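Asks:
Protein chains: 2
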Amino acid sequence: MINKLIKKIRKTNAPIVVGLDPMLNYVPKHIQEKAFAEYGETLEGAAEAIWQFNKGIVDATCDLIPAVKPQIAMYEQFGIPGLSAYKKTIDYCKSKDLVVIGDIKRGDIGSTSAAYAVGHLGKVQIGSKSFAGFDEDFATVNPYFGTDGVKPFIDVCKEAKKGLFILVKTSNPSSGEFQDRLIDGRPLYEWVGEMVAGWGGDHMGDDYSYVGAVVGATYPEMGKVLRKLMPKTFILVPGYGAQGGRGADLVHFFNEDGLGAIVNSSRGIIAAYKQEKYAAFGEENYADASRKAVEDMVADISGALESR
Amino acid sequence: MINKLIKKIRKTNAPIVVGLDPMLNYVPKHIQEKAFAEYGETLEGAAEAIWQFNKGIVDATCDLIPAVKPQIAMYEQFGIPGLSAYKKTIDYCKSKDLVVIGDIKRGDIGSTSAAYAVGHLGKVQIGSKSFAGFDEDFATVNPYFGTDGVKPFIDVCKEAKKGLFILVKTSNPSSGEFQDRLIDGRPLYEWVGEMVAGWGGDHMGDDYSYVGAVVGATYPEMGKVLRKLMPKTFILVPGYGAQGGRGADLVHFFNEDGLGAIVNSSRGIIAAYKQEKYAAFGEENYADASRKAVEDMVADISGALESR
Chain X
821 MINKLIKKIR KTNAPIVVGL DPMLNYVPKH IQEKAFAEYG ETLEGAAEAI WQFNKGIVDA
881 TCDLIPAVKP QIAMYEQFGI PGLSAYKKTI DYCKSKDLVV IGDIKRGDIG STSAAYAVGH
941 LGKVQIGSKS FAGFDEDFAT VNPYFGTDGV KPFIDVCKEA KKGLFILVKT SNPSSGEFQD
1001 RLIDGRPLYE WVGEMVAGWG GDHMGDDYSY VGAVVGATYP EMGKVLRKLM PKTFILVPGY
1061 GAQGGRGADL VHFFNEDGLG AIVNSSRGII AAYKQEKYAA FGEENYADAS RKAVEDMVAD
1121 ISGALESR
Chain U
821 MINKLIKKIR KTNAPIVVGL DPMLNYVPKH IQEKAFAEYG ETLEGAAEAI WQFNKGIVDA
881 TCDLIPAVKP QIAMYEQFGI PGLSAYKKTI DYCKSKDLVV IGDIKRGDIG STSAAYAVGH
941 LGKVQIGSKS FAGFDEDFAT VNPYFGTDGV KPFIDVCKEA KKGLFILVKT SNPSSGEFQD
1001 RLIDGRPLYE WVGEMVAGWG GDHMGDDYSY VGAVVGATYP EMGKVLRKLM PKTFILVPGY
1061 GAQGGRGADL VHFFNEDGLG AIVNSSRGII AAYKQEKYAA FGEENYADAS RKAVEDMVAD
1121 ISGALESR
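Here you go:
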């Protein structure tokens, strides 16, 4: 799957991923009203609204981008109906040949991690048959448990030809409370990064490992160090746009081959119509605003990469 | 909710929680066959099987125990139907007045943690109405993101009168890879424990905080240290039984008041009928075997507490 992701990045010339993290207040009124008219102001109504909202954005952007990253929490908040909208979104994106990164940040002890891995990336055995529960292409994983929490995910990826992005340095303001603490003179995130590179070394695609890392755009200097520490690791970079990251900050997340990183923007793309910059599109044309925001993001990052 | 948990522990005289972590191969054949006859060998069939299995165990043990801890991964592996069985299990346990600890180990950056918190512990606003997606009483949380990943959970708990157990030292063999690394001369898990105690200090029930901690039974010496470091923190202790922990190892997780900890057993209870010790019950009477295993576990822990 890492080979497919890279092929799609090359084809679109866009090392970016659109974060499908729909808050209900991002969803334009006309979509909400239609969904609530059909299902009422219920979990089902909210789930229908975010699904229709997603569909519009995917239709408007799928030819420009290699991948999407639905954040499962935004669906899980609406219970079972929300998770059904998550699954629908995955299936729809895959039908458009987009690579789907499930931002699930799961992680647990061995057999429990195996259950998550099977449910999201592999197939679960039921009697004589096997079924894929969610079937994302990649999943994000929390490393706090160490190797035996991560290994079951890797095993499933190997068999199902899927991939991972493991949290190394997260984009939020307080990420340093634990991640930056020094251990034998080096911050925890470097130790985690080194482990990720080690796990990934035995699990290579053509040029990069299918065991990737998450490093926040909001910490470009750390990204620079981690890029060198994990040369064969693909880095998923959240925190662009709304969280403060800019193209110029991101060049060091990429290798000299122009690859090695994929930058996520969520709110900045999917709620673009709410920004003054894209307000002319109007709420009705929210998806066109998202398309324009994708084009601008690609130009920002490509420009920064070309002028380095 | 921490007050209710303590009240129920006192009433049952059983500081234990039954981990409802059903693997399909734990489910007796007669239950599997009935479920597959109705729904086929499908995700729906598997979900029905684990739900019926759970119901039998809850019916057989609910008068003996204060709480249950369903592990969401075991349901999530069966996709949407599995998560529906998770929700059904929560609702059923609550109807039996059991405290439900959702073992979800979620954690993310601010707004995303807020979505998880709302979905699992609080209510999500949809237009003029609000709905609870899953509605567990407690949830487990991963601390890797630091304060702003945890705070949204605490905020929701405060409003909804719910509680948390935050991972400090996990029970798995490789938990030490990161958690035991020394920072300024003290292991990471102590720093996390200190943060948990700090977060909890402002969020107290009558005697204990509703911000609790997870510390594995498999590391009793560390439990002893953490018990003193977090005197007002309730500790959820996984790893008893199948993972190797015994009653005698656990006394130091408790305070002098006999409270402060709740010990989880999953496989050791729910798959008791598969152990030689309980084999006489037979597969048909799996739930009676679970009841006996609960009684034995309570006796083991109470005995250890009394003789300390």
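Chains X and U, in that order, are what the protein sequence lines are. Per my numbering, the very first residue in the first sequence carries number 821; after that it's consecutive. Per my numbering, the very first residue in the second sequence carries number 821; after that it's consecutive. The beta carbon of each residue, even a glycine, is placed where N, CA and C say it ideally should be. Note that the structure is a prediction, hence the values are computed from the model and not measured.
#1: Compute the Euclidean distance between the alpha carbons of A959(X) and I892(X), then round it to the nearest angstrom.
#2: In whole angstroms, what separates the C-alpha of E864(U) from that of L1008(U)?
#3: Pick out whichever of G860(U), K908(U), Y1106(U) has its Cα sitting closest to the Cα of P890(U).
#4: Anything in chain X within Cβ reach of R1001(U), meaning under 9 angstroms, just list it in chain order.
#5: If contact means a Cβ-Cβ distance below 8 angstroms, which residues of the segment 881-903 of chain X contact chain U?
#6: Enumerate, from N- to C-terminal direction, the unbroken alpha helix (DSSP H) stretches of 4 or more residues contained entirely within the segment 888-970 of chain X.
#7: Mapping the DSSP letters down to three states, classify V976(U) as helix, strand or coil.
#8: Cα-Cα, which of K971(U), I974(U), G922(U), G927(U) is closest to D955(U)?
#9: Classify P1051(U): buried if its beta carbon has 16 or more other beta carbons within 10 angstroms, exposed otherwise.
#10: Verify whether the separation of the beta carbon atoms of S915(X) and G966(U) is less than 8 angstroms.
#11: Kindly identify the DSSP beta-bridge partner or partners of P1007(X).
#12: Using a cut-off of 7 angstroms between C-beta atoms, extract the partners of S995(X) located in chain U.
#13: I need the straight-line Cα distance from P972(U) to K854(U), nearest angstrom please.
#14: Would N962(X) pass as an interface residue toward chain U - the criterion being a Cβ-Cβ separation below 8 angstroms?
#15: Since V1034(U) sits in a beta bridge, which residues does DSSP pair it with?
#16: Measuring alpha carbon to alpha carbon, tell me which residue in Y964(X), I974(X), K949(X) is nearest D957(X).
#17: Report the CB separation of Q852(U) from A880(U) in whole angstroms; it is logged as a contact under 8 angstroms.
#18: Does the CB of D957(U) have a neighbour CB from chain X at under 8 angstroms?
#19: Please name the residue in V1012(U), S991(U), V1071(U), P993(U) whose C-alpha comes closest to that of R1001(X).
#20: Quick check on E861(X) - is its C-beta less than 8 angstroms from some C-beta in chain U?
#21: CB-CB under 7 angstroms to P1121(X), same chain, minus the five flanking residues each way: which ones, in chain order?
#22: Is Q897(X) closer than 8 angstroms to V772(U) when the C-beta atoms are compared?
#23: Rounded to whole angstroms, what's the CA-CA distance from H850(U) to Y1093(U)? Just pull it up for me.
#24: To the nearest angstrom, how far is the alpha carbon of G1021(X) from that of R926(U)?
#25: I want to see whether chain X comes within less than 8 angstroms of L844(U), judged by CB atoms only; does it?
#26: According to DSSP, what are the bridge partners of M1050(U)?
#27: DSSP three-state label for G1065(X), please.
#28: When the cut-off is 8 angstroms and only beta carbons count, does T832(X) lie next to chain U?
#29: Going by other Cβ atoms of all chains shown within 10 Å of its Cβ, with 16 needed for buried, is S1110(X) buried or exposed?
#30: CB-CB under 7 angstroms to A1189(U), same chain, minus the five flanking residues each way: which ones, in chain order?
#31: Taking 8 angstroms as the CB-CB cut-off, is D928(U) touching chain X?
#32: What do you reckon, are the CB atoms on G1032(X) and G983(X) nearer than 8 angstroms?
#33: Under the rule that 16 or more other beta-carbon atoms within 10 Å means buried, what is G1018(U), buried or exposed?
#34: State the Cα-Cα distance for the pair L884(U) and V1114(U), rounded to the nearest angstrom.
Replies: Inspection of the coordinates gives the following:
#1: Those two C-alpha atoms are separated by around 10 angstroms.
#2: Rounded to the nearest angstrom, the gap between the Cα atoms of E864(U) and L1008(U) is 42 angstroms.
#3: It is K908(U) whose Cα lies nearest to the Cα of P890(U).
#4: Within chain X, the residues placing a beta-carbon under 9 angstroms from that of R1001(U) are R1001, I1003, D1004, L1008, W1011, ordered along the chain.
#5: Legend: CB atoms of the segment 881-903 of chain X lying less than 8 angstroms from CB atoms of chain U belong to residues Q891, A893, M894, E896, Q897, F898, G899, I900, G902, L903.
#6: Qualifying alpha helix (DSSP H) stretches, in chain order: 893-896, 899-915, 930-940.
#7: Here V976(U) sits in helix by DSSP.
#8: Ranking K971(U), I974(U), G922(U), G927(U) by Cα distance to D955(U) puts G922(U) first.
#9: P1051(U) should be labelled exposed.
#10: Judged by beta-carbon spacing, G966(U) lies beyond the 8 angstroms limit of S915(X), meaning their Cβ atoms are not closer than that value.
#11: Note: P1007(X) sits in a beta bridge opposite L1002(X).
#12: Per Cβ cutoff of 7 angstroms: F965, G966.
#13: If you take the alpha carbons of P972(U) and K854(U), they lie about 42 angstroms apart.
#14: Interface criterion met: the Cβ of N962(X) is under 8 angstroms from a Cβ in chain U.
#15: Secondary-structure assignment with DSSP links V1034(U) through a beta bridge to L987(U), L1056(U).
#16: Nearest Cα to D957(X) within the set Y964(X), I974(X), K949(X): I974(X).
#17: Between A880(U) and Q852(U) the Cβ distance is about 18 angstroms, and since that is not below 8 angstroms, they are no contact.
#18: For D957(U), the answer is no, since every Cβ of chain X falls outside 8 angstroms of its Cβ.
#19: From the listed residues V1012(U), S991(U), V1071(U), P993(U), the smallest Cα separation to R1001(X) is found for V1012(U).
#20: With 8 angstroms as the cut-off, E861(X) counts as an interface residue toward chain U.
#21: First, the residue type needs correcting, since residue 1121(X) is Ile and not Pro in the sequence shown. These residues qualify, in order along the chain: P835, I836, G1067, L1070, V1083.
#22: Residue coverage of chain U in this structure runs from 821 to 1128, which leaves residue 772(U) outside it and unanswerable.
#23: Their Cα atoms are separated by approximately 14 angstroms.
#24: For G1021(X) and R926(U), the distance between alpha carbons rounds to 28 angstroms.
#25: It does: the Cβ of L844(U) has a partner Cβ on chain X nearer than 8 angstroms.
#26: Bridge pairing for M1050(U): absent [DSSP].
#27: Looking at G1065(X) - three-state DSSP - the assignment turns out to be strand.
#28: It does not: the Cβ of T832(X) has no partner Cβ on chain U nearer than 8 angstroms.
#29: When all chains shown are included, S1110(X) counts as buried.
#30: For residue 1189(U) there is no data in the structure shown, the boundaries of chain U being 821 and 1128.
#31: So, interface residue.
#32: Less than 8 angstroms separates the beta-carbon of G1032(X) from that of G983(X).
#33: By the Cβ-count criterion, G1018(U) is exposed, with fewer than 16 other Cβ atoms from all chains shown falling within 10 Å of its own Cβ.
#34: Going by the C-alpha atoms only, they are around 8 angstroms apart.
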